[in-house]
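Asker: Got a structure for you, questions after.
In the working numbering, the protein residues as written are 1 to 161.
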């Protein structure tokens, strides 16, 4: 069954996985990025999660409330655990971390698991517990991204001599 799942997965899904791994590896190194770029990956991950929620469960309170609760919790944790980003030149200095890779893979594999589960057992999409759990997971991951990215807003200046 696992072989059927993997072989029936569209090729573009593996390309997306490759791009996410590439971006995650890039995030493991210190780099200076434009402030707006800090928000690109969190925004893309949120769009992917909300797209999956809308497609599988619909955009109603049963799916959006757990996503919002998870996003709020994740953002608070992300904000509290991430160091403020320092301004450097025309951008912000992002310290290298493997956490973005882990979070991107978590969103990807959650989305993949939900899609496969609903393909194998279509009735799952109608079960409130499944929809709420998946939505909450997406929300937590999206919130962690957002909380970390929001640290770019109050960035202090680095004084170099």
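Heads up, the beta-carbon is just placed ideally off N, CA and C, and yes, glycines get one too.
Does residue 175 pass the burial test, meaning 16 or more other C-beta atoms within 10 Å, or should it be called exposed?
Answerer: Any answer about residue 175 is impossible in this case: the structure gives the chain only from 1 up to 161.
Asker: Excluding five sequence neighbours on each side, which residues of the same chain lie with their C-beta closer than 6 Å to the C-beta of residue 95?
Answerer: These residues qualify, in order along the chain: 30.
Asker: Quick check: the stretch 43-52 against the stretch 122-129, are there 3 or more CB pairs under 8 Å?
Answerer: No: the two stretches stay apart, fewer than three of their Cβ pairs being nearer than 8 Å.
Asker: Which first and last residues belong to the alpha helix (DSSP H) in which residue 99 is found?
Answerer: Taken as a continuous stretch (DSSP letters only), the alpha helix (DSSP H) holding residue 99 covers 99-120.
Asker: Among 90, 113, 105 and 98, which one has its Cα closest to the Cα of residue 5?
Answerer: Checking every option, the nearest Cα to that of residue 5 belongs to 113.
Asker: Would you list the residues sitting across from residue 31 in a DSSP beta bridge?
Answerer: Residue 31 is bridged to 94.
Asker: Quick check on DSSP: helix, strand or coil for residue 83?
Answerer: Residue state, collapsed to three classes: coil.
Asker: Is it buried or exposed for residue 98, if we count other Cβ within 10 angstroms and need 16 for buried?
Answerer: The residue is exposed, with fewer than 16 neighbouring Cβ atoms inside 10 Å.
Asker: In its own chain, which residues sit with a C-beta less than 8 Å from the C-beta of residue 162, not counting the 5 before and 5 after it?
Answerer: This structure cannot settle anything about residue 162, because the visible part of the chain is limited to 1 through 161.
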